[in-house]
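Whatever position you read off the sequence shown (first residue = 1), add 130 for the numbering used here. Remarks on the structure that follows.
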Amino acid sequence: MRAFFILIVFTLSGLASAQQHPLFKDADLAMGEKLIAENKCNECHIRRVGGDGSSIYKPKGRINSAGALRGMVEYCNTELNLGFFPEDTTAVAAVLNKRHYKFR
């Protein structure tokens, strides 16, 4: 019985990690959350699209891959002069992927 329980735990933990796209495999989600909060990303999105700002995450045909998502975060980084390092950009994109896009 114990071996069966251990097998189930390993299977479920594998499924949880498989939910992120390989591009975001080693991303620091805690850092991504911190950068989103520090740079007031949500407030900017609210100013741009209104409401709670979440409609910015699913414009038709605009973000249709993990690479395009990371590219859009890099675009914001460049346009707003946020000073993100590549791993910061990946961390923010990974958080957005986990919350909104769910590319696998």
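Virtual Cβ for every residue (Gly too), placed ideally from N, Cα, C. Just so we're clear, the structure is a prediction, and the values are computed from it rather than from any experiment.
Residue burial classification, residue i (beta-carbon count within 10 angstroms, cutoff 16)
i      : result
Gln150 : buried
Thr219 : buried
Phe215 : exposed
Gly197 : exposed
Ala167 : exposed
Ala133 : Per-residue confidence for Ala133 stands at a pLDDT of 47, beneath the threshold of 50, marking its modelled position as unreliable; no derived number is given.
Gly181 : exposed
Ala146 : Because the pLDDT of Ala146 is 47, which lies under 50, any placement of that residue in the model is unreliable, and the question is left without a value.
Delimiting residues of the alpha helix (DSSP H) encompassing residue i
i      : result
Gly197 : Ala196 to Glu209
Arg234 : That residue, Arg234, is in no alpha helix (DSSP H); it is neither H nor E in DSSP.
Ile166 : Leu159 to Glu168
His151 : From DSSP, His151 is part of no alpha helix (DSSP H); its letter is neither H nor E.
Ile176 : Cys171 to Val179
Leu226 : Pro216 to Leu226
Distance CB(residue i)-CB(residue j) smaller than 8 angstroms
i      : j      : result
Asn227 : Leu199 : yes
Asn169 : Gly183 : no
Val222 : Val203 : yes
Straight-line gap, residue i to residue j (C-alpha atoms, nearest Å)
i      : j      : result
Tyr231 : Lys164 : 19 angstroms
Ser185 : Ile193 : 12 angstroms
Ser195 : Lys188 : 12 angstroms
Gly162 : Asn207 : 13 angstroms
Leu159 : Glu217 : 11 angstroms
Cys174 : Arg229 : 17 angstroms
Leu212 : Tyr205 : 10 angstroms
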